[in-house]
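Under our numbering, the first residue of the sequence shown carries the number 3, and numbering increases by one thereafter. Each remark here refers to the structure printed beneath this line.
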Amino acid sequence: MTEQPHSSWADVYDIAYHRSFGDFYDCLTDATVELIEGMFAHPANIVDFGAGTGRLSLPLSKLGHTVTAVEPCQEMLDQLQGKDQHNSVRSVCSKMEGFRGESKFDMALCVFTVILYLLDEDSLKKSLTAAYEALRPDGVLLLDIPSEAIFSGYSTRDPGFERTVSISRHNGNIYTYREELLITNDDGEATRYKDEFQIRYWPNQQVMELLKEVGFVNGEDLTPHFSGAGSSYYKFKKPNKPLD
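The following block contains the structure:
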């Protein structure tokens with residue numbers, strides 16, 4: 003399989019984000035889980051696209067939901083499975099656009115900047131179509147659209163941890179993301195990680211038009227629930243009957 007973003011440092015991905023963003027990282031997770039919990043009066047069948055190491059899949063499963071984690075990077079899924087002590091989450095190594103579920107879902111998640119890894123309109127439309135087809139009638143899609151403001155670098159350093167992220171414009175709305183990470187263990191042994199891949203900024207209006215073209219309706223702006231996240235959050239619905 004072609005190497006995916008984050009595959010070279012999947013084993014320290016959680017450490018990197020917790021050390022970089024601290025309590026805010028946990029607060030964002032908690033806010034997302036709380037919002038989802040409020041949408042259902044009973045355990046739901048949920049597909050989590052771009053599930054990563056299980057940031058949402060695992061807590062939702064612990065709350066009683068049936069969760070399928072879809073992630074194109076096997077190394078990230080390995081981390082998820084290592085934390086899933088009761089094998090409660092079904093893991094599928096697949097790009098979003100290639101996913102075909104065995105059953106219909108009440109909810110599809112596509113959050114925490116998943117769409118910025120989709121580099122062309124064809125991939126984005128196919129991915130949104132896959133989410134639409136995975137849902138039952140009246141099922142909902144929770145999606146975030148990253149703002150262009152987050153396409154900037156940052157660095158952080160504290161004892162035993164150094165991280166530098168640089169993001170530079172490549173062409174048009176395509177950017178190059180570079181990650182450099184240095185982690186030193188308690189024995190003083192340092193390990194360096196590097197990664198480089200491309201990401202894309204998607205204007206809100208362009209994504210909205212594709213969502214409607216695919217068939218989603220009733221876009222509800224949920225951004226106020228996620229203050230400071232650097233993304234706009236929306237809930238879309240698959241209609242009970244196909245639109246004419």
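Beta carbons are placed, not taken as given, at the ideal position from N, Cα and C, and that holds for glycine.
Residue range Asp25 to Met41 is occupied by the alpha helix (DSSP H) that includes Val35. About 12 Å separates the beta carbons of Leu144 and Phe218, which is beyond the 8 Å limit, so they are not a contact pair. As DSSP reads the structure, Ser233 sits in a beta bridge with Pro148. Gly155 is the residue among Arg138, Gly155 and Lys127 whose C-alpha sits nearest the C-alpha of Arg180. Using a Cβ distance threshold of 8 Å, Asp25 and Thr55 do not count as a contacting pair.
Comparing C-alpha distances from Phe228 to each of Tyr27, His67 and Met210 shows the shortest one belongs to Tyr27. Under DSSP, the beta-bridge partners assigned to Asp160 are Phe163. Distance from the CA atom of Leu82 to the CA atom of Leu60, rounded to whole angstroms, is 8 Å. Excluding five sequence positions before and after Cys95, the CB atoms of its chain that fall closer than 6 Å to its own CB belong to Gln76 and Leu79, given in chain order.
In this structure, Gly141 lies near Asp108, with their beta-carbon atoms less than 8 Å apart. In this structure, DSSP gives Val113 a state outside helix and strand, which the three-state scheme calls coil. Annotation: Lys128 is outside any beta strand (DSSP E); the continuous alpha helix (DSSP H) that includes it extends over Glu123 to Ala136. With fewer than 16 other Cβ atoms from the protein chains shown falling within 10 Å of its own Cβ, Asn173 counts as exposed.
Residue range Ser59 to Lys64 is occupied by the alpha helix (DSSP H) that includes Leu60. Of Met41, Glu123, Tyr203 and Arg21, the smallest CA-CA separation from Val216 is found for Glu123.
DSSP places Gly221 in the strand class (E or B) of the three-state scheme. Between the region 157-174 and the region 230-243 there are fewer than three inter-stretch CB-CB distances shorter than 8 Å, so the stretches are not counted as touching. Around Arg21, the same chain offers Phe163 as residues with beta carbons nearer than 6 Å, after the five sequence neighbours per side are excluded. For Lys85, no beta strand (DSSP E) segment is defined; the enclosing uninterrupted segment is the alpha helix (DSSP H) at Gln76 to Lys85. The closest CA to that of Pro74, considering only Ile117, Tyr203 and Leu37, is found on Ile117. Note: Gln200 is bridge-paired with Thr178 in the DSSP secondary-structure output. The alpha-carbon of Phe199 is positioned some 17 Å away from that of Leu126. Secondary structure note for Val209: its alpha helix (DSSP H) is the uninterrupted segment Asn206 to Val216. Looking at Ala192, Pro45, His44 and Ser234, the one whose alpha-carbon comes closest to that of Ser149 is Ser234.
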